[in-house]
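I have placed the structure first, in the form of structure tokens, so that the comments after it can refer back to it.
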Amino acid sequence: MLKNAIATLPTNGYLNLEIPKGIDLIEEINKMRKEKNAIILAHYYQTGDIQDIADFLGDSLQLARAAEKTNADMIVFCGVHFMAETAKILNPSKKVILPDLLAGCSLADSCSGQDIRKMKDKYPNAIVASYINCDSGVKAESDIIVTSSNAGHIINSLPKEQQIIFAPDKNLGRYINQTTGRDMILWDGACIVHEAFSLERIARQMLDHPKAKLIAHPEAQKPVLQVANYIGSTANLLDYVVKDDNQEYIVATEEGILHEMRKRAPDKTLIPALTIDDTCNCSECHFMKMNTMEKLYLCMKYELPEILMDEEIRVKALKPINKMLEMSQAIK
Ligand code: 13P
Ligand code: SF4
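Just so you know, this note's numbering puts the end of the sequence shown at 522, numbered straight through with nothing missing.
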């Protein structure tokens, strides 16, 4: 039966096996975590139940650091594919598993290693700074990796006259160009979730809630960022809501973060920013939400699907990731 299920992996992305009725998933996952010396890492955009069961919850930078430091034998990555791949790049001898292998990312899908090679041919004097939301092929062609938490700091540390290709997020790239005064060459990729926020509808929300502050992730489009009171990575937005003395916030990022915001700032009013289409749940990343407690249970039980990588690509991709980790030690 398992053999049949494994054969379905490339199309399903997960083990489509029946789970015994009445089973307590939390109890079983806790048991397996101990028995297998596994660590569960989860991004803030995961569903609340997965966030609650994780050993470590964080944004992209924090998760990369946690993956680098762990002593566990197995990393269970509750996030999307490029994040689990980053964990594997940092831990070649550990087993890295992802509840659903098809949990992708529109940004990562927009750009390949070959695309970057073509850009390098076109701009031979440029170095490549890539947002961590890219696949290992792009990382392998990059000189440095950045996340939304450290992009400004890292780009600012590069020599002023250095020409830079920035991939794959044009919105983050444009924002960093604006905050650092650079003129990076931008790849034309975007996050489907953050691009869905509607300035017009957010403006109406701001009129309805005149005391609310608008906070936004830099993956959002320029018109939204222009009216935001605060712009920051997922972890920065969380920190801001906890420490700031305002009472109400309109939050323009993936809705999963509201789970932790509500826990850490229970007295604050948090209003999800509206998107262009109110019939679509567009402010939820459907890739992130492909992971479920059931898939998490099955993946821990059978240790599949596993992230496997070409060693040559892994070694090349490790260099710019390590450079990022070194250069961003001062960032929280
Ligand atoms: P951060 O975790 O760096 O804020 O990135 C957000 C995101 O879109 C992750 O896919
Ligand atoms: Fe990719 Fe956007 Fe989903 Fe993050 S929220 S995984 S950037 S599609």
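The C-beta atom is built at its ideal place from N, Cα and C for all residues, glycine as well.
The ligand 13P heavy atom lying under 8 angstroms from the CB of residue i
i	result
His449	no
Met480	no
Lys322	The displayed chain sequence assigns Ile, not Lys, to residue 322. Ile322 Cβ: within cutoff of the ligand 13P.
Ala406	no
Thr465	no
Residue i beta carbon near the ligand SF4 (any heavy atom closer than 8 angstroms)
i	result
Phe246	no
Cys470	no
Glu409	yes
Phe477	yes
Val270	yes
Tyr365	no
Leu297	yes
Val383	yes
Cβ-based neighbour list, residue i, same chain, cut-off 6 angstroms, excluding 5 preceding and 5 following
i	result
Asn227	Ala262 and Asp263
Leu515	none
Asn346	Thr370
Glu258	Leu280
Leu376	Phe356, Lys360 and Gly363
Outcome for residue i when other beta-carbon atoms lying within 10 angstroms are tallied against a minimum of 16
i	result
Thr469	exposed
Pro282	exposed
Asp500	exposed
Gly269	buried
Val417	exposed
Val505	exposed
Glu275	buried
Ala244	buried
Ala293	buried
7 angstroms Cβ shell around residue i - same chain, five flanking residues per side excluded
i	result
Tyr464	Note that residue 464 corresponds to Leu in the displayed sequence, not to Tyr. Contacts found: Ser388, Arg391, Ile392 and Gln395.
Asn367	Asp373 and Met374
Asn419	Lys403, Leu404 and Ile405
Gly327	Ser302, Gly303 and Ile503
Lys513	Ile334
Nonlocal neighbours in the same chain, by C-beta distance under 8 angstroms from residue i, ignoring five residues either side
i	result
Lys146	Missing from the structure shown is residue 146; the chain here goes from 191 to 522 and no further.
Glu484	Ile209 and Leu215
For the 8 angstroms Cβ check, are there 3 or more pairs between the segment 445-455 and the segment 258-266? Two segments are said to touch when three or more pairs of C-beta atoms, one from each, lie closer than 8 angstroms; by this definition the segment 445-455 does not touch the segment 258-266.
Between the segment 491-509 and the segment 204-218, can you find at least three pairs of beta-carbon atoms closer than 8 angstroms? Because the criterion of three Cβ pairs below 8 angstroms is met, the segment 204-218 and the segment 491-509 touch.
For the 8 angstroms Cβ check, are there 3 or more pairs between the segment 422-436 and the segment 375-388? Short answer: they don't touch.
Decide if the segment 323-331 is in contact with the segment 290-299; the criterion is three or more beta carbon pairs, one per stretch, under 8 angstroms apart. Under the Cβ criterion (8 angstroms, minimum of three pairs), the segment 323-331 counts as touching the segment 290-299.
Taking three-plus beta-carbon pairs below 8 angstroms as touching, is the segment 299-318 in contact with the segment 344-358? Yes, since at least three Cβ pairs between the segment 299-318 and the segment 344-358 fall closer than 8 angstroms, the two stretches touch.
Can you list every residue whose CB sits closer than 5 angstroms to some heavy atom of the ligand MN, going in chain order? Absence of the ligand MN is noted for the structure shown, with the ligand 13P and the ligand SF4 being the only ligands found.
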